[in-house]
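Structure first, then comments.
2 protein chains.
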Amino acid sequence: MQDKLSFVPLGGIGEVTKNMYLYEYNSQILIIDCGLGFADETMLGVDLLLPDISYLLKKIKSGSSKIVGMALTHGHEDHIGALPFVLEPLPKFPIYATPLTSAFANEKLVEFGEKPKVETVDFGDDPIVLGDFKISFIRVTHSIPDTSHIFIQTPVGNFYHGSDFKFDLTPFDNKKTDFDKIIDAAKEEIVCLMSDCLGAEKEGYTKSEQTLSKNIEQEMRECEGKFILTTYSSNISRLNQAIIAASRLGRKVCFVGRSLIKAAKIAQRMGYMELDKKMEVEVGDIGKHNDKNLVLLVAGSQGQENSALARITNGEHREIKISPKDTVLFSADPIPGNEISINSLIDSLSKMGIKVIHSKNSESFHVSGHGAQQELMLMMALARPKNVLPIGGTFTHMARYKELAKKQGFSESKILLIEDGQEVVFDKEKISLGKKISLGNVYVDEVSEEVVEHFVIRDRQKISKEGVVVIMAEVDAGNGQMVGNPNIIVRGLSQAESSIINRRLTKELPKAIRGRRGRVTDWVYIRKNIRETSERSIFIELHRRPLILPVVIEV
Amino acid sequence: MQDKLSFVPLGGIGEVTKNMYLYEYNSQILIIDCGLGFADETMLGVDLLLPDISYLLKKIKSGSSKIVGMALTHGHEDHIGALPFVLEPLPKFPIYATPLTSAFANEKLVEFGEKPKVETVDFGDDPIVLGDFKISFIRVTHSIPDTSHIFIQTPVGNFYHGSDFKFDLTPFDNKKTDFDKIIDAAKEEIVCLMSDCLGAEKEGYTKSEQTLSKNIEQEMRECEGKFILTTYSSNISRLNQAIIAASRLGRKVCFVGRSLIKAAKIAQRMGYMELDKKMEVEVGDIGKHNDKNLVLLVAGSQGQENSALARITNGEHREIKISPKDTVLFSADPIPGNEISINSLIDSLSKMGIKVIHSKNSESFHVSGHGAQQELMLMMALARPKNVLPIGGTFTHMARYKELAKKQGFSESKILLIEDGQEVVFDKEKISLGKKISLGNVYVDEVSEEVVEHFVIRDRQKISKEGVVVIMAEVDAGNGQMVGNPNIIVRGLSQAESSIINRRLTKELPKAIRGRRGRVTDWVYIRKNIRETSERSIFIELHRRPLILPVVIEV
């Protein structure tokens, strides 16, 4: 067998979320991250996407490969959220992460009725040996504490897995990027830097988290009612900033919303959030305090339908009533596709006369967790890799990253722009593109936490755009002829269209069936005939393609 | 009858589009604008919204009021697009607009098989007397030429209808805002300024169109293939900028896409666009020219599914093939809700290695047509109205406009924030809120150009999120009991959910029906019973609310 390393992204390239990457050395597989994807509004009624692991399963089941371990870079859902789904069908293997990441990941497993499986490593620990791989965690800054890059040593050379980061030189928790360790890795020579590229369109540097504290405190001071801040529940630093401002201004803090309460609890338990017990108020006790003395940290910054913030806004929250003197601060960027829901929340609040601050037009109340152009180029300059391969962004971001890499002196052939499922093969002499694995969309429904088949989504899309037509026909089993008129139900089309469909099919269907006489032996054929005839008629008449459900009743 | 004027917005307040405003003086009604609304992605399969004119129709049909005339402020779809739908059921009345606006509006009517009905007025013309109203058109700048404000004189006082504008001091066509006429209007005393408020969140001034010319030319110079620019078809100035750059660089121009070709034709005919015939290339002749000598002005800047740009990107355009040397410039802001489609277009182009420039992160290639804070305050300062009433924005924009008005010295009671359908009554002494008209959503389907009933949308939303369950039950007419098991079709739900529904309903439905014995007289009741039982069972079991279609077959 040839001595080579294969890099196979199962998710996270050409998209921002659903991060999962395989590093294969001969028969050994190292996995980095195991994240969820977020469905956009075209994926009706589905909320989450999983990486498609059929390629991995096949390799394991056939016995041709073995998973030697997994490392998680940080505690965001798009890097750890798929764990309960992905681990279940796989054999056991060790999983490593830094303290907060490991706490979030284990909490997730427990929530799904499994045991905690992620082992905690500290940034100072020795490299971990996993088969022929050796991995080290390098501290970087991002919008969640304990984020790390992974330096991966293999017999074929060294790789630097540089997922989500920015170089915040004054991070809120004062835990700075470990530049020394990056330089040390560079000295060992890096074959390829896999780099975050989400900020590649933004000029300059991303502002430090620190810059927000003053602005948040100022708004809190001016607010004469409840001060309500909403952000991602994992944005521990942002929550800490609000807590510090609250304590300075003598306000008490209340966490609202399941995900946020959970995250705050973990952060407090692990010492990432300091909050005097006397300063915390339970949701049920809010009524006992003057509005002016309260800060609410509320889940739902993406405008999610059933989130705490949406319920508060719509007057459906049992304990929390909004008042015109309150201020609501959205301290999070909208995930593309959520703009409508977020705008409509903001608008409802504005209509009630409430002061709403959102980060759309300024960096005063939210900064990105991803580095901008200067930081991405600095990463290249520090790591001095032979090749670069952008991850965690769309093709638009990758194209811009390529321009940055060119400015840093990388020639075209050293900048690897690939797609999900595209294997890249590194051997001692050269780099080549390997096989292309075809990846499917795996959907999860958030209510049932069950994987949704692809055809279900297709049906929903079709119905939602074009409506549905149910056709019930009674057919005489003896002679194959239709008895009476078909019974037709049309939904999702206008009344005028319905009556056209009714008229037309009542005329056409008996005719279509008439062609085939004699005893019915193949009921499937009759159903198919009805469906195809109806599809054609409706398309000719109305230029529509509703979902047709033929029901044949045997008489 | 009391001497009073009523302002009644039928659309355009609390929303950006669907502009239509009534000014009623006793029994006389003056209408300003008649625009379409754009559906967002929650309104499945519908593309357009119309203002609900039932209030107007009732007044006209009862003979209690008469429409004395209509004025159109500018040629954008959200101000003129509803004309063919709205005029049809109404009696004839005169309609006025400035030259380009009137050309666009008449083109629209002709397209719908009607006669041109809009009369052209010039900015220099005398005021037009319409019953007891006197109206004057005042030139302002916006993203389409010939945009105007309307000064409305009534026996109760004067009103300034200041819809969509910015104060571009160096407009591309050099036709500047007529500040003199605004000042003259102010001298007559203005009771209320109805003002555009869309830019109220943006600090400072909106940049001039002029600032873009240099950047567009620079990108065109550097492009080694086809230079493709996409913008709203009505953005005549932007198209002109591209044409001038093309002529300087010796490139030929080709218009691509039905809406854009139409707009360019009107603009050329009326002298708003100068293009040497020798410089224009028909789409069919594109193959005869070197890519480097071409500029394509293409429709589809919002990522619309069947637009020219989408077809070019997906390789489905017959004449135009995209090449990696091409540059594509998006020179338009995304309308909220279109981000996903636009991002996906940009991403597909980036993936092919094409240089894509979009205005998301910079004002170098697109500027808004709406004035920012300084301009909105300047408008107040120039018009010196007694009251202000923001229009053409969401409540978020209105709330910010209110802050600006306060800075300009307006007291709380002089800043009127209202909703669509809210009548404001102005009489000589005071201003008061009048009746609240309830307005429905009127949907138009773009394919059939037919109004879509509201329940159709509701059904589609329900089905798209929760699926559909068709239940066929054979019921014995003699004793009201179910014969055999119900036949159940489930769509849009997973297989696991389907089998649960099947199992549960097969058990529950016969039981539910059993309660009522004896000859069936009320089939509707049986259907209702089946529906409600099924809804309850399915919700208890799965926490879902699919659309239930019960079908009872009498045996």
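These protein sequence lines are chains G and A, in that order. In terms of our numbering, the first sequence has 77 at position 77, counting the first letter as 1, and numbering is strictly consecutive. In terms of our numbering, the second sequence has 326 at position 326, counting the first letter as 1, and numbering is strictly consecutive. A virtual CB, placed ideally from N, CA and C, is assigned to each residue, including glycine.
- Here residue 281 of chain G carries a coil assignment [DSSP, helix/strand/coil].
- Against chain G, the beta carbon of residue 347 of chain A has neighbours under 7 Å at 394, 395, 396, listed in chain order.
- Listed along the chain, the chain G residues whose CB falls inside 7 Å of the CB of residue 487 of chain A are 551.
- Residue pairing by DSSP places residue 298 of chain A opposite A/230, A/256 in a beta bridge.
- Distance from the CA atom of residue 306 of chain A to the CA atom of residue 314 of chain A, rounded to whole angstroms, is 10 Å.
- Within the stretch 358-395 of chain A, the complete alpha helix (DSSP H) segments of 4 residues or longer fall at 373-383, listed in chain order.
- Straight-line spacing of the CA atoms in residue 150 of chain G and residue 70 of chain G works out to 11 Å.
- A distance below 7 Å between beta-carbons, with the five flanking residues on each side excluded, links residue 402 of chain G to the following residues of its chain, in chain order: 415, 417.
- Residue 82 of chain A has its alpha-carbon roughly 28 Å from the corresponding atom of residue 171 of chain A.
- Taking 7 Å as the upper bound on Cβ-Cβ separation, chain G lies near no residue of the stretch 52-78 of chain A.
- Taken in chain order, the unbroken stretches of beta strand (DSSP E) that lie wholly in the stretch 141-170 of chain A and span 3 residues or more are 148-154, 157-162.
- Proximity to residue 256 of chain G across G/319, G/389, G/143, G/169 peaks at G/319, based on C-alpha coordinates.
- Rounded to whole angstroms, residue 286 of chain G and residue 265 of chain G show a C-alpha spacing of 19 Å.
- Against chain A, the beta carbon of residue 399 of chain G has neighbours under 7 Å at 350, listed in chain order.
- Take the alpha-carbon of residue 300 of chain G and the one of residue 259 of chain G: they are about 9 Å apart.
- Using a C-beta cut-off of 8 Å, the stretch 80-100 of chain G makes no contact with the stretch 159-178 of chain G, since fewer than three inter-stretch Cβ pairs fall below that distance.
- Here the C-alpha atom of residue 278 of chain A lies approximately 21 Å from the C-alpha atom of residue 238 of chain A.
- For residue 483 of chain A, the nearest beta carbon of chain G is not closer than 8 Å to its own beta carbon.
- For residue 105 of chain A, the enclosing alpha helix (DSSP H) stretches over residues 99-111.
- Rounded to the nearest whole angstrom, the CA to CA distance from residue 383 of chain A to residue 147 of chain A is 18 Å.
- Listed by position along chain A, the residues whose Cβ is nearer than 8 Å to that of residue 86 of chain G form an empty set, because the closest Cβ is around 19 Å away.
- Chain A has a Cβ within less than 8 Å of the Cβ of residue 491 of chain G.
- Within the stretch 277-306 of chain A, no residue has its Cβ closer than 8 Å to any Cβ of chain G.
- When the Cα atoms are used, residue 59 of chain A and residue 117 of chain A turn out to be separated by approximately 22 Å.
- Nearest neighbour of residue 333 of chain G by Cα position, chosen from G/370, G/321, G/322, turns out to be G/370.
- For residue 481 of chain A, the secondary structure class from DSSP, reduced to helix, strand or coil, is coil.
- Closest option to residue 352 of chain G, judged by alpha-carbon separation, among G/328, G/203, G/536: G/328.
- In the structure shown, residue 180 of chain G falls within a helical segment according to DSSP collapsed to helix, strand and coil.
- Looking at the DSSP output, residue 25 of chain A bridges to A/5, A/28.
- Minimum Cα-Cα distance from residue 216 of chain G among the listed residues G/280, G/157, G/363, G/126 corresponds to G/363.
- Interface residue (Cβ-Cβ distance to chain G less than 8 Å): residue 547 of chain A is classified as such.
- With respect to the C-alpha of residue 23 of chain G, the residue from G/422, G/365, G/246, G/214 having the closest C-alpha is G/422.
- The straight-line gap separating the alpha-carbon atoms of residue 31 of chain A and residue 540 of chain G is approximately 40 Å.
- Counting only Cβ-Cβ distances below 8 Å, residue 356 of chain A has contacts in chain G at 396, 399, in chain order.
- If you ignore the 5 residues before and after residue 99 of chain G, its C-beta comes within less than 8 Å of the C-beta of 120, 122, 146, 270, all in its own chain and listed in chain order.
- Interface flag for residue 470 of chain G against chain A is set, since a Cβ pair is found closer than 8 Å.
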